[in-house]
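Mind the numbering: the sequence shown is residues 367 to 1310 in my numbering, read in order. The C-beta atom is built at its ideal place from N, Cα and C for all residues, glycine as well. Everything below concerns the one structure shown next.
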Amino acid sequence: MHPKLLLRLAALALAFLCARAPAQHLPLKAYGQAEGLGNLSVTVASQDAAGYVWIGTQNGLFRFNGTGFRRYGPAQGIPDKIVTALVDGRAAGMWAGTYENLYRFDGRRFRSVRFDGKPIEIWPGQPIAATADGRVLVVARDRLVEITPRGDVRAYFTPERIRAYPGLATILSIHADADGALWMGCGTALCSVDRGRVTVRDGKDGLPADAWSSILRDGEGTLWVRSATRVFVLPAGAARFHERTPAEIRKRQLITEMRLDADGRVLTNADDGLLRWQDGRWQLFGRQNGLDVGGGVTAILQDRERGIWLGTLGRGLVQLLGYGNLENWTMSQGLPNDVVISVLRDPRGILHVGTRSGHAWQVPGERRFRTDPAQPAYATQEWGSMALDADGHLWAGTYGGALLRRTPEDGRTALVARRPQINQVLADGGRVWMATEAGMQVFPATAPLPAVGNEPAADAVTDGCTDGRGHLWFAGMSDVRRFDGRAWETRSYDAALGGAEILSLVCARDGNLIATTHDGVWRLQHGGRATRIDAPVLRDRFILNAREDSRGWLWVALDVGFAVWNGRHWRTLDQTQGLAWNDSNGRGTYEDRDGSIWLITSNGLSHVLHPERLFASALRQPVIEEALRGNGPLPAGGAPMPWRADQIVFRLAHLQFDQGRGWHYRFRLLGVDDEWNDTVQPEVRYAALPGGRYRFQVAAVDSATGEQSAPVELAFTIAPPWWRSAPFYVLCALGVAGAFVAFHRLRLRAHRAREAKLTALVRERTHELEQSREEMRLRALKDGLTQCWNRVAMMDIVEREIEKCARSGAGFALVLLDLDYFKRVNDTHGHLAGDAVLVETARRLRAAVRPYDAVGRYGGEEFVVVLPGLNLPADACRIDALRAVVRGEPVDIGEGNTLAVTASFGVVAFTPGTPPDPVALLGRADEALYRSKHAGRDRISYAD
């Protein structure tokens, strides 16, 4: 065979191997029993609307809040062990399936959902799908069941439809498209339902007979289907399926998974790891990337911050740190040493990396680095800095003092000169400049030649840069030197920097100079002045160097990772977010042609593919998971709680999993302390609080940058203790008055006339006190906000009416009404607007009834109206009038804003034959009210 043909075949084989080879070393974070995940065999994973990550295992269900896992078991309504399905049903909430039951989470506990009075058994696979209109479709042991937003459960297919399409009797999986079309694995085929029309896809459409357990639609409209051993696709608009089974799927997967990542790439599980479809081929991530999945990947989850989580069989939960934005490269990918020092890309697109053990390079499109064969010993030194001259030669300076030149044609590296430690090389105008520990050295690009004269003083030079006018700037100790092509100019910043040595120098895009010392970043000005660039992220850090990219962003290399400033915000990047290593090294950073950034560390090379994503998500608000008072929940809202000597506990969580940097909570309790307090603990406790109105506020704070989220708030009210209440003060006054009277009677018993006078005085004052107490009694029976009768008073009124009807044989009507969507009023317009709606509703009701009718506030947004002598249905017009007066005019909620108000009514009539039970009577009215709610609100329902 011809030698050139052999070389071409070898190149093709190498390209194929590189295409299948791992892209990089994956930064991972594993979660297991130490974090509270009690079982390491994960079956399913999902994220709810609040941001919690839910993990189903072979021994229970767990919820992750960013700090630890909490198990949900029998006490929370889910006694079953093996969790087979988890789906966030959008507005329908979180759904969990087990082999025994289907459960729906109501925010506090799981409720079992039944079909025809029987449990719904859920088997693994893809058994649950949520539609855009709020329905939830469930595969229940081969049958497809539909759950409506109202909670109705019914079979999706009629027996006639199943007889017409027998495959619908054996449903394996379900997928809902955005347009409402459904796709199902049915028998050994694939079925779709679109606008009521059923279509069966099978061998005639290029899809072989198999159990299709996973279905997915990607962003380009391609339909992906998978069985245990095969993958097929149906491109948008195509009539036939095409096979895309990766070679890495050899074993039958017990659980198949297919998901889309945030960039629209398909992810699926393989025998030894994770597969990703990208650029027309499958990429495998497995042990060679540091991903150990034990018995295999059993669940794939993309969170709301673009992150990827993998559930494994026996290895717990794995988070891919920096997924889609951060790649790491180490010796496992061909670097000669993990200690990376410099990076440079040449005009041909080849990436050059200088390490502690020499040079490596990577051809565009390849997934591994190469090294030049049979290099001399001097070529394996620390390549501390690299530069390209006009002829394409690669120049490198080593910390050992060797100036090297690599020719691109043959890849050979030659020793040009030896000098003291070379900190940097720059190619300019046909010359190569060296910043060394013994000053500046300059060589023609056709070296080796002797040094050119006209150099500055022979002090150590640490760094250099080229400004927009082509002038060269070099930093030496506390001085900065400029070479304009003819002569040197020296500027001293020794006094401004306190004698600190300049470690790096940046020629900024705006024409200014930025310098770093070991403890600060400085903006250098004329006249030897310097201004510190101050930020929390830079304080108490060792600063290696700083670089500016083409966006004008400033990248600072630290001893704890990297910090970047985009002109408005700081962000940090460290190992908790996927960085290869926290100890930055060498040149610190390098900007590639596409704007991506290479981060250089002493234990690998990291590549930030999309730097803008570092600023894409602002710090999210924390979550108040629980508010407890004693052993029970803390009621929120305006209704006062009775005072008790119980402590109040707020349990917090921060559900932002891409912010690996440290953060803490900032909180305060208005009504106790207006000052903010900081804590790293997810729990805040207060001892027994006195009576008053309180607002607990908490925000998340980035500990490195100082950025703070918007606070969340919980308001509550505590009534004063009994010894600080008005009745107690009245009793004290009566006691003092009684003691005074007794004392005078003992002293002045002989003075009868005066005793009588004092007695009369006491009677008068006692009468006044009794009047005051009566007023207070009436006040206690009135609602403080609406001035209607309160719940206690209304119960008394109902009892009296029942007794009166028993004597007279007459009847009365009891009306229970609830303001529609009142919680939305509070959430959208605030509690003051809600109070205004309650007050105005009460006023309208009182104005619409007779003087002997009674209007009361039953609780929250519910009102009770008692109408004596009203006969139903003859007098139903009176009830209609009440509904009309509530909804008649919009309510003024302040600041010129109005709000339309409606209410749902439940009405019950009491006649002499009705059981005289006030509670039962209110219960019947409440049932009628809920019928109004379920029927669409703003209507009247009468009890049977």
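Could you give the distance in angstroms between the alpha-carbon of residue 1279 and the alpha-carbon of residue 1294?
-> Sequence index remark: in the sequence shown, residue 1279 carries index 913 (1-based). Sequence index remark: in the sequence shown, residue 1294 carries index 928 (1-based). Between residue 1279 and residue 1294, the C-alpha separation is close to 20 angstroms.
To the nearest whole angstrom, what separates the beta carbons of residue 1073 and residue 1197, a pair I think is in contact under 8 angstroms?
-> Along the sequence shown, read from residue 1 onward, the residue named residue 1073 stands at position 707. Along the sequence shown, read from residue 1 onward, the residue named residue 1197 stands at position 831. Not really, about 29 angstroms apart at Cβ, beyond 8 angstroms.
Return the Cβ separation of residue 538 and residue 523 in integer angstroms, given the expectation that the two are a contact with Cβ distance under 8 angstroms.
-> What you label residue 538 is simply residue 172 of the sequence shown in a count that begins at 1. What you label residue 523 is simply residue 157 of the sequence shown in a count that begins at 1. Not really, about 14 angstroms apart at Cβ, beyond 8 angstroms.
CB contact flag (residue 1236, residue 1244, <8 angstroms) = As a working note, residue 1236 is residue 870 in the sequence shown. As a working note, residue 1244 is residue 878 in the sequence shown. Contact flag set, yes.
Taking only the alpha-carbon atoms, compute the straight-line gap between residue 597 and residue 621 and give it to the nearest angstrom.
-> Against the sequence shown, residue 597 aligns to sequence position 231. Against the sequence shown, residue 621 aligns to sequence position 255. Whole-angstrom Cα-Cα distance: 14 angstroms.
Are residue 930 and residue 920 closer than 8 angstroms when you measure CB to CB?
-> What you label residue 930 is simply residue 564 of the sequence shown in a count that begins at 1. What you label residue 920 is simply residue 554 of the sequence shown in a count that begins at 1. With a cutoff of 8 angstroms on beta-carbon distance, residue 930 and residue 920 are scored as near each other.
Sort out for me which residues DSSP pairs residue 1245 with in a bridge.
-> Taking the sequence shown and counting its residues from 1, one reaches residue 1245 at position 879. None; residue 1245 has no bridge partner.
Contact between the stretch 1039-1051 and the stretch 1010-1020: three or more CB pairs below 8 angstroms?
-> Counting C-beta pairs closer than 8 angstroms gives three or more between the stretch 1039-1051 and the stretch 1010-1020, which meets the contact rule.
What are the start and end residues of the alpha helix (DSSP H) that includes residue 600?
-> Translated into the one-based positions of the sequence shown, residue 600 becomes position 234. Per DSSP, residue 600 lies in no alpha helix (DSSP H); the unbroken beta strand (DSSP E) holding it starts and ends at 597-600.
Could you have a look at residue 942 and say whether DSSP puts it in helix, strand or coil?
-> Numbered from 1 along the sequence shown, position 576 holds the residue referred to as residue 942. Secondary structure at residue 942: helix, using DSSP grouped into helix, strand and coil.
Taking the alpha-carbon positions, what's the residue 847 to residue 866 distance?
-> For the purposes of this step, residue 847 is identified with residue 481 of the sequence shown, where counting begins at 1. For the purposes of this step, residue 866 is identified with residue 500 of the sequence shown, where counting begins at 1. If I take the Cα positions, the gap works out to 16 angstroms.
What do you reckon, are the CB atoms on residue 796 and residue 853 nearer than 8 angstroms?
-> Your numbering for residue 796 matches position 430 in the sequence shown. Your numbering for residue 853 matches position 487 in the sequence shown. Cβ distance not < 8 angstroms, so residue 796 and residue 853 don't count as in contact.
So who's on the other strand from residue 566, going by DSSP bridges?
-> Against the sequence shown, residue 566 aligns to sequence position 200. Within the DSSP bridge table, the entry for residue 566 names 557 as partners.
When DSSP labels each residue in this structure, what does residue 1152 get in the three-state scheme?
-> Reading the sequence shown from its first residue, position 786 is the one you call residue 1152. If DSSP states are grouped into helix, strand and coil, residue 1152 belongs with coil.
Range of the contiguous alpha helix (DSSP H) that encloses residue 1038 | For the purposes of this step, residue 1038 is taken as the residue at position 672 of the sequence shown. From DSSP, residue 1038 is part of no alpha helix (DSSP H); its letter is neither H nor E.
Residue 1110 - containing alpha helix (DSSP H), residue span = Numbered from 1 along the sequence shown, position 744 holds the residue referred to as residue 1110. In the DSSP assignment, residue 1110 falls within the alpha helix (DSSP H) that extends over 1092-1113.
According to DSSP, residues forming a beta bridge with residue 955 = As a first step, residue 955 must be located in the sequence shown, where it is residue number 589. According to DSSP, which records beta bridges pairwise, residue 955 is partnered with 965.
How is residue 894 classed by DSSP in three states: helix, strand or coil?
-> Position 528 of the sequence shown, counting from 1, holds the residue named residue 894. Three-state result, residue 894: helix.
Would you tell me roughly how many angstroms separate the C-alpha atoms of residue 1297 and residue 1181, rounded to the nearest one?
-> Mapped onto the sequence shown, residue 1297 falls at position 931. Mapped onto the sequence shown, residue 1181 falls at position 815. When the Cα atoms are used, residue 1297 and residue 1181 turn out to be separated by approximately 14 angstroms.
Does the distance from the C-beta atom of residue 803 to that of residue 787 stay below 8 angstroms?
-> Locating residue 803 in the sequence shown gives position 437, counting from the first residue. Locating residue 787 in the sequence shown gives position 421, counting from the first residue. With respect to residue 787, residue 803 sits close: the two C-beta atoms are nearer than 8 angstroms.
Option in 556, 1035, 937 and 1004 with minimal Cα separation from residue 541 | Within the sequence shown, residue 541 is the residue found at index 175, counting from 1. Just measuring C-alpha positions, the residue of 556, 1035, 937 and 1004 sitting nearest residue 541 is 556.
Which two residues bound the contiguous alpha helix (DSSP H) that contains residue 787?
-> Position 421 of the sequence shown, counting from 1, holds the residue named residue 787. According to the DSSP assignment, residue 787 belongs to no alpha helix (DSSP H), since it is labelled neither H nor E.
Hey, out of 858, 637, 992 and 1251, whose CA is closest to residue 662's CA?
-> Within the sequence shown, the letter at position 296 stands for residue 662. Ranking 858, 637, 992 and 1251 by Cα distance to residue 662 puts 637 first.
What's the gap between the Cα of residue 1291 and the Cα of residue 1102?
-> In the sequence shown, counting from the first residue as 1, residue 1291 sits at position 925. In the sequence shown, counting from the first residue as 1, residue 1102 sits at position 736. Going by the C-alpha atoms only, they are around 49 angstroms apart.
Where residue 1137 sits in the DSSP three-state scheme | Counting from one through the sequence shown, the residue named residue 1137 turns up at place 771. Of the three classes helix, strand and coil, the one that applies to residue 1137 here is helix, per DSSP.
Reference residue 1166, options 1283, 1053 and 1251, closest by Cα = Counting from 1 along the sequence shown, the entry for residue 1166 is found at position 800. Of the candidates 1283, 1053 and 1251, 1283 places its Cα closest to the Cα of residue 1166.
Determine, using beta carbons only, whether residue 571 and residue 607 come nearer to each other than 8 angstroms.
-> As a first step, residue 571 is located in the sequence shown; it is residue number 205 there, counting from the start. As a first step, residue 607 is located in the sequence shown; it is residue number 241 there, counting from the start. Yes, Cβ-Cβ distance for residue 571 and residue 607 is below 8 angstroms.
For residue 1175, I'd like the list of residues in its chain whose CB is within less than 8 angstroms of its CB, leaving aside the five on either flank, ordered along the chain.
-> Against the sequence shown, residue 1175 aligns to sequence position 809. Contacts found: 1278.
Could you tell me whether the stretch 720-731 touches the stretch 696-703, using the rule of 3 or more Cβ pairs below 8 angstroms?
-> With a cut-off of 8 angstroms, the stretch 696-703 and the stretch 720-731 count as touching, because enough Cβ pairs lie within range.
Residues in its own chain within less than 6 angstroms of residue 820 by CB, not counting five upstream and five downstream?
-> Here residue 820 is taken as the residue at index 454 of the sequence shown, counted from 1. Residue placement at residue 820 cannot be trusted, given a pLDDT of 45 that sits under 50; the coordinates are not used to answer.
Counting pairs of beta carbons, one from the stretch 907-918 and one from the stretch 873-884, are three or more of them closer than 8 angstroms?
-> Between the stretch 907-918 and the stretch 873-884 there are three or more inter-stretch CB-CB distances shorter than 8 angstroms, so the stretches are counted as touching.
Counting only the same chain and skipping the five closest in sequence on each side, list residues whose C-beta sits under 7 angstroms from that of residue 387.
-> Within the sequence shown, the letter at position 21 stands for residue 387. Caution is warranted here: a pLDDT of 42 is assigned to residue 387, below 50, making its placement in the model unreliable, and the coordinate value is therefore given only provisionally. These residues qualify, in order along the chain: 733 and 734.
Apart from the five residues just before and just after residue 498, which ones in its own chain have a Cβ nearer than 7 angstroms to its Cβ?
-> To locate residue 498, count along the sequence shown from 1; it is residue 132. In its chain, beyond the 5 residues on either side, 544 and 546 have a beta carbon closer than 7 angstroms to the beta carbon of residue 498.
Same chain, Cβ closer than 6 angstroms to residue 845, neighbours up to 5 away in sequence not counted = Taking the sequence shown and counting its residues from 1, the one referred to as residue 845 is at position 479. Residues of the same chain with a CB within less than 6 angstroms of the CB of residue 845, apart from the 5 flanking positions on each side, are 856 and 858 in chain order.
Whole-angstrom Cβ separation of residue 1287 and residue 1276, contact assumed at under 8 angstroms?
-> Locating residue 1287 in the sequence shown gives position 921, where the first residue counts as 1. Locating residue 1276 in the sequence shown gives position 910, where the first residue counts as 1. Indeed they touch by this definition, with Cβ atoms about 6 angstroms apart.
So, using beta-carbon positions, are residue 706 and residue 423 closer together than 8 angstroms?
-> Here residue 706 refers to the residue found at position 340 of the sequence shown. Here residue 423 refers to the residue found at position 57 of the sequence shown. Their beta carbons are not under 8 angstroms apart, which means residue 706 does not touch residue 423 by this criterion.
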